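Inspection log for the structure reproduced underneath, given as structure tokens.
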Amino acid sequence: MDPAFVQALDADHETWPTDDPRLLALRQRSGARRRSVLVVDAALEAWWAGRRAADPERAAAALAARVARAIEEAGPGERYLVLDGGRLTPSTRTTPPAVRDTAPTTGGRRVAYVPIERDGPPDPA
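What follows is the structure, given as structure tokens:
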């Protein structure tokens, strides 16, 4: 994972790695201090690289704002945040994923999908 990506979130969120290298655990430093897990897949990495190339000075703020907005929009039990259609969103609100043996519907596409956990992992030590 790009260290600049993690550093961009550091001002507003505590971060720590998970057992899956695609997942980054987050907790807001202020406010509701909600925990969530960001899915760092190829789409998000490409978005981040594009933002940094286009506007390196404001890329970190754009990422932090998108993460904060997605966390605020998440309902109870929605903890995983994924990039869908150029926007970070709770995973249960993304385009429904196609199952492995089924092609996406017409106009549909496969999206990153991680099942929602009702109870989060313990906070980092």
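To convert a position in the sequence shown, counted from 1, into our numbering, add 1.
The beta-carbon is built from N, C-alpha and C at its ideal position, and this holds for glycine as well.
Because the structure is a prediction, the values reported are computed rather than measured.
{"Item": "The stretch 19-26 contacting the stretch 61-73, beta-carbon criterion three pairs below 8 Å", "Value": "no"}
{"Item": "Assigned secondary structure, D102 (DSSP; H/G/I helix, E/B strand, else coil)", "Value": "With a pLDDT of 49 at D102, under the threshold of 50, the modelled position of this residue cannot be trusted; read the value that follows with caution. Residue state, collapsed to three classes: coil."}
{"Item": "W17 burial status per 10 Å Cβ neighbour count (16 or more: buried)", "Value": "exposed"}
{"Item": "Where E58 sits in the DSSP three-state scheme", "Value": "coil"}
{"Item": "Whole-angstrom C-beta distance between A75 and S37, which should lie under 8 Å", "Value": "7 Å"}
{"Item": "Contacting residues, own chain, Cβ-Cβ under 7 Å from L45 (five flanking each side not counted)", "Value": "L84"}
{"Item": "For V7, three-class secondary structure by DSSP", "Value": "helix"}
{"Item": "Opening and closing residue of the beta strand (DSSP E) in which S37 lies", "Value": "R36 to V40"}
{"Item": "Reduced DSSP secondary structure (H/G/I, E/B, other) of D67", "Value": "For the record, residue 67 in the displayed sequence is Arg; it is not Asp. Here R67 sits in helix by DSSP."}
{"Item": "CA-to-CA distance, R88 to A43, given in whole angstroms", "Value": "14 Å"}
{"Item": "Cross-strand partners of W17 (DSSP beta bridge)", "Value": "A26"}
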